[in-house]
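Trainee: Counting in numbering that gives the first Met the number 0, the sequence shown runs from 0 upward without gaps.
Backbone N, C-alpha and C fix where the C-beta goes; we use that ideal spot for every residue, glycine too.
Just dropping this structure here.
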Amino acid sequence: MATRIASRLISRRFSSGGKVLGEEEKAAENVYIKKMEQEKLEKLARKGPQETASASTASTGAHTEAKPNVEAAKVSSDKHKNYAIVAGIATLAAAAGWYLRSNTKRPEEIQD
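The following block contains the structure:
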């Protein structure tokens with residue numbers, strides 16, 4: 000939902016060339032965006048049953064094929080992406096530690 004709203008705002012910003020759109024123009028653009036989103040959803044819906052039908056015919060055939068492991072596909076094999084994630088987590092941990100240590104109360108120093 001948030002992605003859809005963000006994409007609308009971004010597309011509206013770049014499609015208008017930076018000018019402020021009137022109410023009628025906004026309504027027309029919203030209709031166009033909704034139409035494009037509906038077409039994308041219909042396209043995905045058409046592809047969905049075809050993929051499941053081809054998988055079921057392959058599994059009912061005389062020969063068996065090795066099916067890819069769905070959970071293995073979720074694990075990233077990109078070494079650089081994995082390092083970036085680890086570095087991000089380490090940075091967040093360091094920032095949290097720094098913030099928590101900075102809140103300790105220190106006795107006030109008397110200035111002469």
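Which of the three DSSP states, helix, strand or coil, is assigned to V74?
Mentor: Coil.
Trainee: When the Cα atoms are used, what is the spatial distance from N81 to R3?
Mentor: Going from the Cα of N81 to the Cα of R3 covers about 28 angstroms.
Trainee: I need the straight-line Cα distance from A44 to Q37, nearest angstrom please.
Mentor: When rounded, the distance between both Cα atoms is 10 angstroms.
Trainee: Would you kindly work out how many angstroms separate the C-alpha atoms of A92 and I9, rounded to a whole number?
Mentor: Those two C-alpha atoms are separated by around 33 angstroms.
Trainee: Ordered along the chain, which non-local residues of its own chain (more than five positions away) have a Cβ less than 7 angstroms from that of A5?
Mentor: Counting only Cβ-Cβ distances below 7 angstroms, and skipping sequence neighbours, we find nothing.
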